[in-house]
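**Q** When you line the sequence shown up against my numbering, it's residues 3 to 297, in that order. Idealized CB from N, CA, C, for every residue including glycine.
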Amino acid sequence: MKKNTVLKIEMGNVTITVLMQGFWVELQKGNSDIHNHASFEFHMIMQGDVMLDTDNGSMKLTENDCALIPPEFFHGFKRPDKESAVLAFQFYVKKNARKNCADYAKLVQEHFVQSEQVITIRQNSQIKECLKKIASRIYESTLVTEDIMRAEFTLLFAEIFSLLDDEEGSMGECVNEVGENDTRIFIIEEYFNQYYMENISLKSLSAILFLSEKQTDRMIKKAFGEGFRQHLCKIRMLVAQRFLVDSDKEVQKIAEEVGYRSYNGFYLAFRQKNNMTPLEYRDRCRKGDKDNALL
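In structure tokens, the structure reads:
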């Protein structure tokens with residue numbers, strides 16, 4: 003992964019932008035003088051003890067402790083323990099236009115912006131595991147590296163928001179119960195939309211979510227009303243229909259572009275789904291029966 007990679011995560015009514023450059027630099031962080039940033043900062047003590055200095059005084063952070071620092075907040079770190087290790091990254095949070103979803107913007111506003119103080123999280127093993135997995139993949143450069151990192155950051159922020167929500171109380175009811183109560187749904191949607199044309203599998207998606215294949219398939223069925231294979235086929239068929247209607251591409255080329263290794267496999271799937279062959283579908287659309295063909 004490139005050092006200047008920027009990961010954007012959609013959660014509820016906020017968009018979180020994570021700066022991976024900061025993550026790389028802070029892996030070998032030493033003592034720092036009092037300073038501030040325009041972004042939010044997240045620090046976790048991976049090993050040893052660290053002193054966090056702020057305008058409000060000093061506090062000791064030990065292994066598995068976290069500090070969430072709001073923008074423009076002056077702070078600095080000292081390492082009395084030479085063997086200590088701090089892992090940190092910077093991020094921005096911006097309210098988006100989504101409605102009828104979890105109000106994470108309210109939590110950010112009340113806990114970070116209005117309070118103007120460091121938020122400490124003590125002894126959280128789930129956050130540590132997320133960060134360890136992110137750090138273990140930071141030098142990888144594979145097809146799904148960024149998606150795995152985005153998935154881990156999503157789970158990380160879900161844990162953070164959950165901890166803040168415990169302090170604040172309920173964030174209110176959400177219209178889309180599945181989508182808002184389990185942030186993995188966002189990861190699943192993005193995975194299908196970005197990689198439907200690749201040779202993806204339930205096993206590879208489960209690895210990204212850190213769930214078993216049965217758990218992942220149940221989650222997909224709950225969200226979309228169909229299992230992994232059926233939902234993947236549905237997406238591929240919808241894209242293929244658009245290609246047949248809007249382009250002159252050969253059917254074999256369309257089959258390849260929507261993710262089928264063989265023309266026969268695509269042909270059989272298309273005929274089963276649409277009760278006609280791909281060429282019959284195209285011909286019907288071009289004879290003015292487009293609306294009926296798309297049903």
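To which residues of the same chain is residue 198 closer than 8 Å at the C-beta, ignoring the five residues directly before and after it?
**A** Cβ within range, chain order: 234, 237, 238, 241, 260, 261.
**Q** So what does residue 78 bridge to, in DSSP terms?
**A** In DSSP, residue 78 forms a bridge with 55.
**Q** Write down the C-beta distance between residue 127 and residue 66 rounded to the nearest angstrom, noting that I regard them as a contact closer than 8 Å.
**A** With 8 Å as the limit, residue 127 and residue 66 qualify as a contact, their Cβ atoms being about 6 Å apart.
**Q** Just curious, the alpha helix (DSSP H) that residue 218 is in, first and last residue?
**A** Where residue 218 is concerned, the enclosing alpha helix (DSSP H) stretches over 215-226.
**Q** Give the single residue among 46, 92, 79 whose Cα lies nearest to the Cα of residue 19.
**A** The candidate whose alpha carbon is nearest that of residue 19 is 92.
**Q** If we call anything under 7 Å between Cβ atoms a contact, is residue 210 one with residue 153?
**A** Contact flag set, yes.
**Q** At the level of alpha carbons, what is the spacing between residue 61 and residue 229?
**A** When rounded, the distance between both Cα atoms is 50 Å.
**Q** Work out the CA separation of residue 147 and residue 178 for me, nearest whole Å.
**A** For residue 178, the pLDDT reaches just 35, beneath the cut-off of 50, and the residue's location in the model is therefore unreliable, although a value from the coordinates is still provided. If you take the alpha carbons of residue 178 and residue 147, they lie about 29 Å apart.
**Q** Apart from the five residues just before and just after residue 180, which ones in its own chain have a Cβ nearer than 7 Å to its Cβ?
**A** Note on residue 180: pLDDT 38, under 50, position unreliable in the model; the coordinate value appears next. Within the same chain, residue 180 has close Cβ partners 187, 224, 225.
**Q** Using the beta-carbon count (16 or more within 10 Å), is residue 36 buried or exposed?
**A** Exposed is the call here.
**Q** Just reading off the beta strand (DSSP E) that residue 46 is part of, what are its end residues?
**A** Per DSSP, residue 46 belongs to the beta strand (DSSP E) from 42-49.
**Q** Between residue 100 and the rest of its own chain, which residues show a CB-CB distance below 6 Å, the 5 nearest in sequence each way excluded?
**A** Only 15 meet the Cβ criterion.
**Q** Can you tell which of 256, 52, 72 has the C-alpha that lies nearest to the C-alpha of residue 63?
**A** For the residues 256, 52, 72, the minimum Cα distance to residue 63 belongs to 52.
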